[in-house]
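Quick notes on the structure that follows.
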Amino acid sequence: MRSSLGRYALWIGLAILFAALPHIFTSGTSLTKMSLMGIMIIFALSYNMLLGQTGMLSFGHAVYYGLAGFMVVHFINRASGGAWPVWLPFVPLIGGLTGLTFGIIFGWVSTTRAGTAFAMISLGLGELVAACSLILRGFFGGEEGITTNRTRLLRLFGYNFGPQVQVYYLIAAWCLICIAAMYAITRTPLGRMSNAVRENPERAQFVGYSTQMVRFLSFCLSGFFAGIAGALAAINFEIMNFLSVSAVQSGTVLLMTYIGGVGHFFGPILGAVLITWLQSSLSDLTGAWMLYFGLLFIFVIMFSPGGIAGWIMLHEPLARAGLLMRLLPAYLLIAVPVLIALAGIVGLIEFGHHYLVKGATDGTVVRVLGVALDTAGPWPWLISVGLLAAGLILGRRLWPVVTDAWNGASAELKRRISA
Amino acid sequence: MLELVIFSSLNGVLYGMLLFMLASGLTLIFSMMGVLNFAHASFYMLGAYFGFEISRRIGFWPGFVVAPLLVGAVGALVERYGLRQVHRHGHVAELLFTFGLAFVIEELVQMFWGKLPVDYRVPASLDFTAFTLFQTTYPAYRMFMLLVAVGMFVFLLAILTRTRVGLIIQAALTHPNTVAMLGHDVPRIFMMVFGVGSALAGLAGVIAGPALVTQPSMAALLGPILFVVVVVGGLGSLPGAFVASLLIGLIQTFAVAINLSLSDIFGSGGAAIFGDLWQATVAQLAPVIPYLLLVLILIFRPTGLMGTRET
Amino acid sequence: MHRFWKRSILGMAAAGIMAWGAAAQDTIKIAYIDPLSGGGASIGEHGLKHFNYIADMVNAKGGVLGRKLEILPYDNKTNPQESLLQAQKAIDAGARILTQGNGSSVAAALSDFVAKHNERNPGKEVIYLNYAAVDPVLTNDKCNFWHFRWDANSDIKMEALTNFMKDRPAIKKIYLINQDYSFGQAVRSQAVTMLKAKRPDIQIVGDELHPLLRITDFAPYVAKIKASGADSVITGNWGQDMALLLKAAADAGLQVDWYTYYAGGAGGPTAIKQTGLSHRVFAIVEGHANVPHEAAQKTEAEFRARTGLGVWYPRVFNQMAMLVAAIEKAKSADPVKIGKALEGMEHATFTGGKGFMRADDHQFFQDMYIASFGPLEGGAKFDEEKTGWGWKTVGKIDTANTILPTTCKMQRPS
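Sequence lines, in order, name chains A, B and C. Note that this note's numbering has the first sequence beginning at 56, numbered continuously upward. Note that this note's numbering has the second sequence beginning at 126, numbered continuously upward. Note that this note's numbering has the third sequence beginning at 169, numbered continuously upward.
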């Protein structure tokens, strides 16, 4: 009884959080950003139904997102001015059905294969649709895309969804529904079988399931939710263009999902929020933001393949036993060399970026914390390399402290469990 | 018309051979390590940029020799300190690692050399007309590219069939586990194959750089086509990669020359149903054809044209 | 009791808003929304330098109405959806004047966004000044009151180009090669209709659309051009599609004249120099570095000394000068008033011609030049991209010969 209450508490808490956010972050920019985060959460979760849950690596997931978005734009344009009796809040379903339809069509041909072949087919299909998007101007609107006006549909309770805050709540509601639905799917037999197909397709087959059928069903459902995300994007931006079906969009969702963590249900949510925020904020600070992005991705793959979620969940048993505080001193200690090394890396990239990209026209001098440094001279480089080396050496020295703390806490945990 | 056919064939074969220089390395790496290297085209780009940097300081010929070696060294380092680390997380992680690497290399190239095409020139010693046919000239440099590509093909064939290393590699292609059991240092062979594959891509970059344009998007342009080649040819099959390279090269070149559309063949009746697709000419659709071929091959002949194993 | 609290809170809020308003009044903020990272960064950064340079000039003279101009850069990554997010950020930061240029897709999205924003937020209108996106639709079917364009749209450029070709009897066979997207198609269809009307004797021997930014080797296309026997080629290609096309042409020894829109774009001059096609590549522009106009030459020299690159966008100078004039005329930086002041405004352009902002569609009309690229001669001072080659005027089309009708029907704010 208590645990089920706890489970509901999580969902209710999430709903309250979604409802409260616009009152905390009130500016138009944050509203737009949070709307985008909601869309990306659905999109990333739908992607993880493939990659995380069924073990299918897709390089063309934007196809379902984009096509659904285009279909919704056309739908709203047709239904405008009361031509059809539809209310905007139900329009995302059209997107979902579009995603599902294309999921069925393309899933039929691509899910016959698994592994690398599936990845290649998804890449081929993605490139195919992307190339067609510039040729088929009637549907995709060519380079400038197709615009729409979300306020032209029938009003529901007097809301016309013109103001961004109304759209935010629409997206938040759909986001909550989709998160719940996708979570529920992981609990169904299909969800369990998907995991089995990911872990060991042969055994799954021996149990009597068609692995191809499981992949196909996952693929279709994933297309459905990607379609809803695409529809919400169309409503939010009121424009769709060829970039929405492009390889860039497919790559972004892959990045988000993987950095967030494919092994846990909530991983992609973290990834979507973090990457969306970084995309719009980091670019204000540095011209080399894409490089940081790529490096972060490689770092996660090499050292934390479970993503952020994986790293967090590593601490879950300790947190439950109330042992997390024992790690805190060690973590604070190791944070010092990590930050020093990070400062070195940022220095190298930023000085490099300034010297190579802007040096020729804006001069090589750059001001850091009020000090003028000439990137053509050796000092900025020596300082950066020095910081990086100091961070690495110090980090290596201090690392045993972390492992000791970790081992101590784990041992304590084991002792308590056996006691 | 004859003129068009001759020059299109020449250009098609040349483009095909260029593709093969990349596809051969990619195939070797895939069949030995099971990694489809997304960053392979990025090594091609690095080759072009290294070649450019050396040629503007010292000259084209030193660059022609040194740049591929440098790229090979970079490749070997990537294998040793990157891929090997990721290997224990599985194939998906390896694939994603190379995906991220391609991203980072493109960003770094943009940072070092800028977004604009760089002025990488054909060396003066090769800057003349090889022959003139129907008043169309064919540059000597293109003949040189063809020669290098063919030379590399022969060299590769010789290594694989005539040397001990080649035999081990061939064995590893089909029975990787057995080879490891025989006591060969498989990680070292991996590193070497990765390095050599990257060096080949680098060589392709060095010679393609002056003929095509050296710019940061050259990897992204060629990368997807490269996958089409290795999959259509059959993953892990060198002869398959060779045939597919030429096939794609010729298809791409000849499709451009055809101005027919479906409405020309079947009349304009289908336009109502298929819309713009009905009106599009083959030339317009040329870039789509390889991907269509890829999808069809994977559906109907999963092993590729000459592959032996299913992917 | 309650009333007291209500009043004091309202009073404080009002004071806060006024204080904030006063702070925002300090400068006139112009949001520059263009790519500042990734692929298009070098072009976006250079555009930004134009705006910063002009803002500094204006501010050095005391600003406008006693207020300084401030340029706020926003990185849109050449992505329409991202641009809307950045536009929202700019508006939140207090900018009511937006400017953008790279990419018609972004321009269409921004124009649409601004129209909707103004409709939904009366009293907080923003205005959008377009300095480079040339899709004709923006000043025709999709026009609105808030969008003003200073670059000649692609139809106007073709009108000017064909008016120039009209008087060149040497042109007999023309080949059209364009990128397969809205802009390339606009160039192609306008070329066909305008040539037919002005020079019915010219034969169009080829009409090619190739995929956008996906061709690595143009040799097959060049073989087709060669086989057609064309003496001139018209192309709207830009970026790598321009560079690669010229390179393949030079390799095959193709001897034709190239009439282009964007041969002068970033990387274009380098590519032409590489091919050695001296004075065979022409570009249709509203001005170039070697137009013999004293003030323009002086500014060009100063600009080069400061930024290391030439003036790519003479129209940005026109745009900013007219913006300043409009604010002074309206005695206000309110977008509605600026818009009304700009309508129909006449302006002596950067290179000394006479231009005007047509009120019907908010398209600026100006003298256009046909320039060819080759070794510097005849006292020309400025080369491009350190190639030693520069632009030379070979033809000039007066403003009157560039005017085209519009289908625009816009609603004006009362």
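For each residue, glycine too, the CB sits at the ideal point set by N, CA and C.
Report the residue from the options whose alpha carbon sits nearest the alpha carbon of residue i.
i: ALA302/A; options: VAL354/B, PRO364/B and GLY348/B; result: GLY348/B
i: PHE189/B; options: GLU204/B, LEU202/B and LEU171/B; result: LEU171/B
i: PRO455/A; options: LEU382/A, THR307/A and GLY402/A; result: LEU382/A
i: PRO203/C; options: ARG133/A, ASP339/A, ILE232/A and ALA289/A; result: ASP339/A
i: THR153/A; options: SER473/A, GLY121/A, PHE80/A and ARG452/A; result: GLY121/A
i: PRO248/B; options: VAL381/B, GLY322/B, TYR140/B and TRP186/B; result: TRP186/B
i: GLY563/C; options: SER582/C, GLY547/C and SER540/C; result: SER540/C
i: LEU65/A; options: TYR223/A, MET380/A and LEU231/A; result: LEU231/A
i: GLY542/C; options: LYS245/C, LEU445/C, TYR430/C and LYS334/C; result: LEU445/C
i: TRP557/C; options: THR567/C, LEU422/C, ASP566/C and GLY546/C; result: GLY546/C
i: THR243/A; options: MET104/A, MET89/A, SER335/A and LEU437/A; result: MET104/A
i: GLY407/C; options: LYS340/C, TYR389/C, ILE211/C and MET513/C; result: ILE211/C
i: ASN227/C; options: GLY512/C, SER357/C, MET488/C and PRO304/C; result: MET488/C
i: MET525/C; options: GLU511/C, PHE518/C, ALA516/C and THR517/C; result: GLU511/C
i: ALA263/C; options: ILE239/C, THR384/C, ALA338/C and LEU253/C; result: ILE239/C
Looking only at DSSP bridge pairs, what is residue i linked to?
i: ARG209/B; result: Paired residues: none, contrary to the question.
i: ILE345/C; result: GLU376/C
i: HIS319/A; result: Answer is none; HIS319/A lacks a bridge partner.
i: LEU237/C; result: ILE196/C
i: TRP142/A; result: LEU209/A
i: PHE450/C; result: TYR427/C and SER540/C
i: GLU514/C; result: PHE524/C
i: LEU572/C; result: None, per the DSSP bridge assignment.
i: THR262/B; result: THR257/B
i: THR202/A; result: ILE294/A
i: GLN371/C; result: LYS341/C
i: TYR214/A; result: LEU211/A
Assuming residue i and residue j are in contact, meaning their beta carbons sit under 8 Å apart, how far apart are those beta carbons, in whole angstroms?
i: ILE345/C; j: HIS378/C; result: 7 Å
i: ARG470/A; j: ALA376/A; result: So it is not a contact: roughly 10 Å between Cβ atoms.
i: LEU100/A; j: CYS233/A; result: 7 Å
i: PHE365/B; j: MET431/B; result: The residue asked about is misnamed: residue 365/B is Gly in this sequence, not Phe. Confirmed, Cβ separation roughly 3 Å.
i: LEU129/B; j: ALA395/C; result: 5 Å
i: LEU325/A; j: GLY316/A; result: 7 Å
What residue does the beta strand (DSSP E) around residue i start on, and which one ends it?
i: ASN298/C; result: 295-298
i: ASP202/C; result: 195-202
i: ARG317/C; result: 315-317
i: SER82/A; result: It is not in any beta strand (DSSP E) - SER82/A carries neither H nor E in the DSSP assignment.
i: HIS530/C; result: Unbroken run through HIS530/C: none, as it is neither H nor E.
i: LYS245/C; result: Run containing LYS245/C: none; DSSP gives neither H nor E here.
i: GLY170/A; result: No beta strand (DSSP E) holds GLY170/A; the alpha helix (DSSP H) holding it covers 170-190.
i: ILE265/C; result: 265-268
Grab the span of the alpha helix (DSSP H) containing residue i for me, first residue to last.
i: ARG470/A; result: 434-473
i: GLY172/B; result: 165-182
i: ALA548/C; result: Where ALA548/C is concerned, there is no enclosing alpha helix (DSSP H), given that its DSSP letter is neither H nor E.
i: PHE400/C; result: Looking at the sequence itself, residue 400/C is Ser, so the reference to Phe does not match. Counting along the chain, SER400/C falls outside any alpha helix (DSSP H), though it belongs to the beta strand (DSSP E) covering 400-403.
i: ASP323/C; result: 322-333
i: THR561/C; result: Counting along the chain, THR561/C falls outside any alpha helix (DSSP H), though it belongs to the beta strand (DSSP E) covering 557-565.
i: LEU583/C; result: Since the displayed chain C opens at 169 and closes at 582, residue 583/C lies outside it and no answer follows.
Does chain E have any CB closer than 9 Å to the CB of residue i?
i: GLY262/C; result: In the displayed structure, chain E is absent; the protein chains listed are A, B and C.
(message) At a CB distance below 7 Å, what residues from the stretch 139-167 of chain B approach chain C? Give them in sequence order.
(response) TYR140
(request) Would you list, in chain order, the members of the stretch 308-323 of chain A that have their beta-carbon closer than 7 Å to a beta-carbon of chain B? (result) TYR313
(request) Output, in sequence order along the chain, the residues in the stretch 256-288 of chain B whose CB is closer than 9 Å to any CB in chain C. (result) THR257, PHE259, GLN260, THR261, THR262, TYR263, PRO264, TYR266 and ARG267
(request) Quick one: which residues of the stretch 320-352 of chain C get their C-beta closer than 8 Å to a C-beta of chain A? List them in chain order. (result) ASP348, TYR349, SER350 and PHE351
(request) Report the residues of the stretch 327-346 of chain A with a CB closer than 8 Å to any CB of chain B, ordered along the chain. (result) ALA343, MET345 and LEU346
(message) Tell me which residues of the stretch 71-84 of chain A have at least one Cβ-Cβ distance to chain C shorter than 7 Å, keeping chain order.
(response) SER82, GLY83 and THR84
(request) Compile a chain-ordered list of the residues in the stretch 174-192 of chain A whose CB is closer than 8 Å to at least one CB of chain B. (result) ALA174, MET175, ILE176, LEU178, GLY179, LEU180, GLU182, LEU183, ALA186, CYS187, ILE190, LEU191 and ARG192
(message) Using a Cβ-Cβ cutoff of 8 Å, what residues of the stretch 369-386 of chain C are near chain B? List them in chain order.
(response) GLU376, LEU377, HIS378, PRO379, LEU381, ARG382, ILE383, THR384 and ASP385
(request) Return the residues of the stretch 215-242 of chain A that lie within a Cβ-Cβ distance of less than 7 Å from chain C, sorted by chain order. (result) GLY217 and PRO218
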